[in-house]
Every structure is written in C-alpha cells, then in structure tokens.
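Counting with the numbering used here, you get residues 1 to 354 for the letters of the sequence shown.
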Amino acid sequence: MSRFWSPIVKKLEPYVPGEQPKLQNLTKLNTNENPFGPSPKALEAMKQVLGDELRLYPDPNADSLRETIAEYYGLTAQQVFVGNGSDEVLAHVFHALFQHNHPLLFPDITYSFYPVYCQLYGIPYEQIPLDDSFAIAVSDYRGINGGIIFPNPNAPTGRLLPLDEIRRLLEVNTETVVVVDEAYIDFGGESAVGLIDQFPNLLVTQTLSKSRSLAGLRVGLALGSPELIEALERVKNSFNSYPLDRLALAGAEAAFKDQAYFEQCRQAVIDERDRLRVALNKRGFESLPSAANFLFCRHRDLAAETVAAALREDGVIVRHFRHSRIENYLRITVGTAEQHERLLASFDRHFGAK
Ligand SMILES: Cc1ncc(COP(=O)(O)O)c(C=O)c1O
Numbered sequence: 001m002s003r004f005w006s007p008i009v010k011k012l013e014p015y016v017p018g019e020q021p022k023l024q025n026l027t028k029l030n031t032n033e034n035p036f037g038p039s040p041k042a043l044e045a046m047k048q049v050l051g052d053e054l055r056l057y058p059d060p061n062a063d064s065l066r067e068t069i070a071e072y073y074g075l076t077a078q079q080v081f082v083g084n085g086s087d088e089v090l091a092h093v094f095h096a097l098f099q100h101n102h103p104l105l106f107p108d109i110t111y112s113f114y115p116v117y118c119q120l121y122g123i124p125y126e127q128i129p130l131d132d133s134f135a136i137a138v139s140d141y142r143g144i145n146g147g148i149i150f151p152n153p154n155a156p157t158g159r160l161l162p163l164d165e166i167r168r169l170l171e172v173n174t175e176t177v178v179v180v181d182e183a184y185i186d187f188g189g190e191s192a193v194g195l196i197d198q199f200p201n202l203l204v205t206q207t208l209s210k211s212r213s214l215a216g217l218r219v220g221l222a223l224g225s226p227e228l229i230e231a232l233e234r235v236k237n238s239f240n241s242y243p244l245d246r247l248a249l250a251g252a253e254a255a256f257k258d259q260a261y262f263e264q265c266r267q268a269v270i271d272e273r274d275r276l277r278v279a280l281n282k283r284g285f286e287s288l289p290s291a292a293n294f295l296f297c298r299h300r301d302l303a304a305e306t307v308a309a310a311l312r313e314d315g316v317i318v319r320h321f322r323h324s325r326i327e328n329y330l331r332i333t334v335g336t337a338e339q340h341e342r343l344l345a346s347f348d349r350h351f352g353a354k
C-alpha cells in the first residue's frame with residue numbers, strides 16, 4: 001500500500017493466474033494449456049513476419065484477421081472484435097457493456113476473473129449458486145439485472161449448458177447483454193454463435209489459447225451484433241489502438257485457416273480426456289462430465305489439497321481452489337498420454353491402490 005496509489009488501486013484484489021513455475025521437467029496440468037503445439041502453418045506465418053516490417057505498427061483494425069474469423073463463423077467483419085487474449089476482450093466487455101446500476105449476474109463457481117473486473121470497473125454483481133450437481137440453472141437468471149455472463153463449458157467445472165437452455169435464457173433476458181464465454185467450447189460443445197442473428201444482446205467470446213494452442217500469443221475474440229462490437233471498439237480505441245501485434249495477427253489468421261490441424265488436435269484432447277477419466281476413476285476419483293480440456297474431480301477418501309501437494313513433490317502440477325463448495329476438487333488439465341502416465345505414476349507412488 002502506498003500513499004501514491006489511487007483509491008481504486010488501494011481496494012483492488014487482483015486475479016491470481018495459475019502458476020507458471022520456472023522449474024525444469026514439470027508436468028504442467030494446472031492452466032488448461034493445450035499439450036499439442038500450435039499449427040505448423042501458424043508458426044510458419046509468424047516466421048514470415050520476423051523481419052524489417054516489424055518497424056511498422058500493425059493494422060489497428062486487424063481487418064484481415066477479422067474477415068477470416070467472420071468467414072469461419074458465417075458472420076460479417078463488423079460482428080467480430082479481437083483483442084490481446086480473451087481476458088483483455090472480457091475487460092473491455094465489462095467496461096463497455098456491463099457498467100449499469102443493476103447487478104451483473106454470474107455463477108458462484110466460475111471464472112474467478114469476473115469479480116475482479118467488477119471491482120476494477122465498479123460494477124455491482126450477484127453470484128447465482130450452481131445447483132447441487134454444479135450445473136447452471138437458467139431459471140435462476142431472471143428479473144432485473146445489469147447483464148449476465150457465464151463460461152460455456154463452465155470453468156472450473158467443465159459442465160456444458162446445452163444450446164436450447166441458452167436460448168431459453170436469452171428469450172427472457174432481452175434488455176441487457178448476455179455474454180457466453182466460450183473459452184473451451186471446441187472441446188465438446190455447440191457454440192452459441194448461431195443465435196447471434198436472433199439475439200442482438202448476445203455476445204460470444206472465444207480464445208486461441210486453448211483449442212488452437214496459442215496461449216503464448218495472446219489472441220481472443222468476441223462475436224455479436226455490430227452495435228455490441230462497436231461498443232468494444234470504442235473502449236479499445238480509448239485504451240490501446242494496437243492490442244494485436246504483427247506476429248499475433250499473422251499467427252492467429254493462419255491458425256484459423258488450418259482446419260485440419262485444429263480438428264486433429266481437439267480430437268486428440270477429447271480422446272485423452274476420456275482415457276484420463278477412466279484411469280482416475282480406477283483410482284477412486286469421480287469427475288464431473290467435462291466438455292472442456294480439463295477434468296474437475298474429487299477423490300472418495302483423500303483431500304484434494306493432500307493429493308495436489310503429493311503430486312507436486314514429483315513435479316506434477318494440478319490446480320486446487322481454496323473456495324467453499326469446491327475445496328475438495330482438483331482441476332486437472334488434459335495433457336498427452338505421457339504426461340498422464342507421470343501423473344498416475346506419481347499418484348500410485350504416494351497413495352498405492354487407494
Ligand atoms: C473461462 C475462461 N475465460 C477466459 C479465459 C482467458 O483466456 P485467454 O486470456 O488466454 O484468452 C480463461 C483462461 O483460462 C478462462 O478459463
């Protein structure tokens with residue numbers, strides 16, 4: 001705390017991302033990165049940019065990337081916004097579309113960045129409890145509100161809300177913006193993008209960090225009606241005109257065009273997720289149904305914290321949240337078969353045939 005800080009900074013409780021330890025030989029299954037590398041075509045496109053043209057600013061409007069994404073989803077470029085990771089896109093969403101007098105609604109167990117943005121921008125909010133099976137009950141999202149946001153699939157639970165439920169929610173919430181954060185949608189869900197033309201208050205956000213293996217490049221996007229996108233552009237152009245650099249623009253565009261690699265990678269993650277679930281079940285874990293690239297699971301006898309600490313001794317890092325309702329759960333990112341072997345061997349070494 002310093003007397004030089006502004007009143008808002010004094011009150012902030014910043015988001016704490018999953019750790020990125022600087023140790024060698026880690027089996028890093030804690031931040032939902034994709035274990036398979038980025039598309040070779042994306043890497044090649046970025047190499048092409050490494051040269052004299054880096055002395056020039058990138059396209060502030062990211063026109064070419066926005067057109068590529070628009071074509072991919074059957075939208076127009078005016079319905080696409082891009083930013084420096086979906087965290088930045090979400091920050092602009094909160095600032096541009098949620099600053100109202102009524103509370104923003106989101107689940108009690110969800111992406112823990114949401115309350116942080118609320119604090120940063122002074123947005124009142126209400127957390128709506130997930131039901132006993134950790135599912136979102138859309139009938140709870142009614143009445144006067146300043147907007148609604150939830151991830152689909154939800155994080156850290158991995159549970160998917162079916163598209164007809166989202167439609168039901170939109171039918172009764174027409175007066176404020178509804179954001180579906182689809183960071184993990186490619187691992188098993190149907191995108192709400194198809195509802196955009198019917199619901200001008202629907203905004204869908206996505207990221208290239210997960211299914212396109214580009215967490216290190218920082219590219220996120222939002223899809224919605226031109227009026228919602230214009231609000232985001234207005235905030236972006238009052239903040240940073242060039243959120244995506246030349247490497248990010250080139251890499252992201254090539255990644256979107258490499259459909260074959262994308263399909264192959266996401267299928268590999270889905271297959272590994274199923275194998276990991278079976279292996280964990282055999283060891284006494286039960287996991288929630290996951291449509292994401294992670295499993296949210298608990299052990300029938302062992303405390304989650306004990307398991308996380310034991311795995312860590314062997315360099316296997318998984319995520320444990322010290323929040324009520326979920327303190328006995330671990331969120332384990334789906335990795336490669338080899339990473340899973342290390343995870344399971346570590347578990348067996350510590351806990352035998354528990
Ligand atoms: C639900 C959800 N939304 C958004 C993000 C942010 O992703 P990024 O900023 O890497 O695009 C994450 C990251 O883990 C997430 O879990």
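Heads up, the beta-carbon is just placed ideally off N, CA and C, and yes, glycines get one too.
Whole runs of the beta strand (DSSP E) within the segment 113-167, excluding any shorter than 3 residues: 125-128, 148-151
Classification of residue 258 by the beta-carbon crowding that lies within 10 angstroms, buried from 16 upward: buried
Heavy atom of ligand 1 within 6 Å of residue 329 beta-carbon: no
Proximity test, residue 211 beta-carbon vs ligand 1 heavy atom, cut-off 6 Å: no
Beta-carbon proximity check, residue 291 vs residue 189, cutoff 7 Å: yes
Contact shell at 6 Å, judged by CB to any heavy atom of ligand 1, ordered along the chain: 32, 85, 86, 87, 111, 151, 155, 181, 183, 207, 209, 215, 220
CB of residue 165 within 7 Å of CB of residue 204, strictly: no
Exposure label - residue 252; buried when at least 16 CB within 10 Å: buried
Counterpart residues of residue 287 in DSSP-defined beta bridges: 297
Residue 181: first and last residue of the uninterrupted beta strand (DSSP E) it sits in: 178-181
Per-residue DSSP class, three states only, for residue 40: helix
Three-state class that DSSP yields for residue 23 in the structure shown: coil
Coarse secondary structure for residue 256, derived from DSSP in three states: helix
C-alpha distance - residue 127 paired with residue 272, whole-angstrom precision: 33 Å
Which of helix, strand or coil DSSP assigns to residue 222: strand
Residue 105: first and last residue of the uninterrupted alpha helix (DSSP H) it sits in: No alpha helix (DSSP H) holds residue 105; the beta strand (DSSP E) holding it covers 104-107.
Buried or exposed (CB count within 10 angstroms, at least 16 for buried), residue 182: buried
Assigned exposure category for residue 57 - 16 Cβ within 10 Å defines buried: exposed
Through-space distance from residue 282 to residue 131, alpha-carbon basis: 27 Å
Exposed unless 16 or more other CB atoms sit within 10 angstroms - verdict on residue 324: exposed
Residue 62 and residue 244 closer than 7 Å at C-beta: yes
Nearest residue (CA-CA) to residue 207, options 145, 74, 223: 223
Alpha carbon of residue 22 to alpha carbon of residue 28, nearest angstrom: 11 Å
Spatial distance of residue 68 from residue 335 (CA atoms): 29 Å
Which of helix, strand or coil DSSP assigns to residue 317: strand
DSSP state of residue 56 mapped onto helix, strand, coil: coil
Minimum C-alpha distance to residue 315 - residue among 9, 14, 4, 19: 19
Selection from 303, 34, 2, 8 that minimises the alpha carbon distance to residue 216: 34
Proximity below 7 Å, CB of residue 30 to CB of residue 317: yes
Three-state class that DSSP yields for residue 351 in the structure shown: helix
Straight-line Cα distance separating residue 16 from residue 201: 30 Å
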